[in-house]
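See structure below.
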Amino acid sequence: MTTPSGGGIKRSSWLTFRRRLLLVRTLLRGPAKSATLIEAINAELGSQGYPEAASAALKHDFDALKGEYGCAIRYDRMTRQYHLVDLGELALLDLPDPCMEALAFLEASFPEASGLSEHANLRDLLERVVLLLPPARQQQHRRRRSALRLSVGGTAASIHPQTLALVKQAIEERRELSFAYLGSFDLALPRRHRVAPYGITFRPEGHGYLDATLLDVVPRGAETRHAAIDYRLDRIVTGTVEVLPTMLPQVRMLPPSYDLRYQLLPQVARRRDVAVAFPEAQIDYRDDGSAEVTARVTNLWQTRQILLRYGDACIVYEPPELVELFRQTARGLARIYES
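Counting in our numbering, the sequence shown runs without a single skipped number right up to 1747 at its last residue.
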């Protein structure tokens, strides 16, 4: 009888360990059926993966992971899938205390049952990271209560998953996008917008916005072609989104820009700590405690929304189009409150 060489035994042991490690890594992506696991291992290891009697070998690997490393792997008979519940001694990720505090901060900012689908993805990520921690660090994390948290709204209208998926596809593939949109001033029927999409932003109040350049809208309204517009994703009519074949240009079309100039009165500027609300803003603090701010902006509606937070402590001088927006706002508020 021939005794295998030491090198052969070492290689066999290494392949077995690698196969089991790949098995755990595959389950970390999510629950999987036995056929999916076997296919994933064989795709990685080829002929050195599972033998023909793969089901028996898979069960043997599960038993070894449970017995040697304390892994908890559960089989769901309803879905016929394996779930990785606990890594046991294979939890090799550990974090310094500042990173553990950051993890607690994210947990507090994005609790379970967050309204937005992207928040749910963050929850999945956080749970995967916690699963990778050693048991003692997991317990420490569960006991920790962060004093800090992001102010993230949870009551915003939900975004239809198909809408979000198609918008993300258009951004990733750099293609034009078309959809029916019910904006703030569309009182009856939505209008068809064709845009160049560039990104998605979730703001603290909870709404998600598509950053896009307007190419066309039917029927036409007061919008300016090539203007940069933030479209609220929940106002895109479900089932109307279409990713168009036309590719976006390499460089984003420049929207109309405006020279902005406004004054902040002493009650908000005298401490000389005015927030920089616009890119490339220049702040000139005056001896009387006021401040004059200049900048260049491309979205007058959004600029108005930002400056309205100062109430009557802000005076806008330029551009004239923005001054007119404030006049309209002032007249509307007067009608409401003087009555």
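Glycine included, every Cβ here is placed at the ideal spot set by N, Cα and C. Note that the coordinates shown come from a computational prediction; the quantities given were computed from them, not determined experimentally.
Beta-ladder partner(s) of residue i, from DSSP
| i | result |
| --- | --- |
| M1508 | Partner(s): none; M1508 has no beta bridge. |
| R1704 | D1667 |
| D1692 | E1700 |
| D1494 | A1480 |
| V1651 | L1585 |
| I1723 | Q1671 |
| A1620 | P1605 and I1637 |
| Q1489 | D1484 |
Rounded straight-line distance, which links the Cα of residue j to that of residue i
| i | j | result |
| --- | --- | --- |
| R1694 | F1686 | 20 Å |
| V1684 | L1597 | 38 Å |
| H1549 | R1669 | 48 Å |
| G1607 | F1513 | 25 Å |
| L1585 | L1656 | 10 Å |
| L1555 | E1520 | According to the sequence displayed, residue 1555 carries Ala and not Leu. One C-alpha to the other measures close to 18 Å. |
| T1434 | L1445 | 7 Å |
| L1590 | A1689 | 33 Å |
| R1678 | A1703 | 20 Å |
| L1423 | K1576 | 40 Å |
| R1583 | Q1658 | 11 Å |
| T1487 | I1481 | 14 Å |
| R1628 | D1484 | 55 Å |
| P1728 | P1612 | 30 Å |
| V1432 | A1630 | 56 Å |
| D1594 | A1636 | 19 Å |
| R1428 | Y1458 | 11 Å |
| A1451 | V1625 | 48 Å |
| Q1713 | L1730 | 11 Å |
| M1409 | P1504 | For M1409, the predicted structure reports a pLDDT of 44, less than 50, and the residue's modelled location is therefore unreliable. A value from the coordinates is still provided. Taking the straight line joining both Cα atoms gives about 53 Å. |
Three-state secondary structure (DSSP) of residue i
| i | result |
| --- | --- |
| S1586 | strand |
| V1432 | helix |
| T1410 | Any answer about T1410 is weak, because its pLDDT of 46 lies below 50 and its placement is not dependable; what the coordinates show is given next. T1410: coil per DSSP, three-state reduction. |
| S1747 | coil |
| G1629 | coil |
| F1686 | coil |
| R1602 | strand |
| P1728 | helix |
| P1569 | helix |
| F1752 | There is no way to answer for residue 1752, as the model of the chain reaches only from 1409 to 1747. |
| Q1710 | helix |
| F1610 | strand |
| Q1658 | coil |
| Q1462 | A small correction: the amino acid at residue 1462 is Ala; Gln does not occupy that position in the sequence shown. A1462: helix per DSSP, three-state reduction. |
| A1440 | strand |
Exposed unless 16 or more other CB atoms sit within 10 angstroms - verdict on residue i
| i | result |
| --- | --- |
| A1620 | buried |
| G1475 | exposed |
| F1470 | buried |
| R1551 | exposed |
| V1701 | buried |
| L1758 | Since the displayed the chain opens at 1409 and closes at 1747, residue 1758 lies outside it and no answer follows. |
| T1571 | buried |
| A1443 | exposed |
| D1642 | buried |
| F1587 | buried |
| E1515 | buried |
| I1744 | exposed |
8 Å Cβ cutoff met for residue i and residue j
| i | j | result |
| --- | --- | --- |
| V1724 | L1715 | yes |
| R1640 | H1615 | yes |
| L1558 | S1517 | yes |
| V1705 | Y1666 | yes |
| H1601 | L1574 | no |
| H1568 | T1646 | yes |
| A1721 | L1672 | yes |
| P1605 | I1579 | yes |
| D1696 | P1674 | yes |
| Y1718 | V1676 | yes |
| A1440 | Y1490 | yes |
Within-8 Å CB hit, residue i to chain D
| i | result |
| --- | --- |
| I1714 | Going by chain labels, chain D is absent from the structure shown, which holds only one protein chain. |
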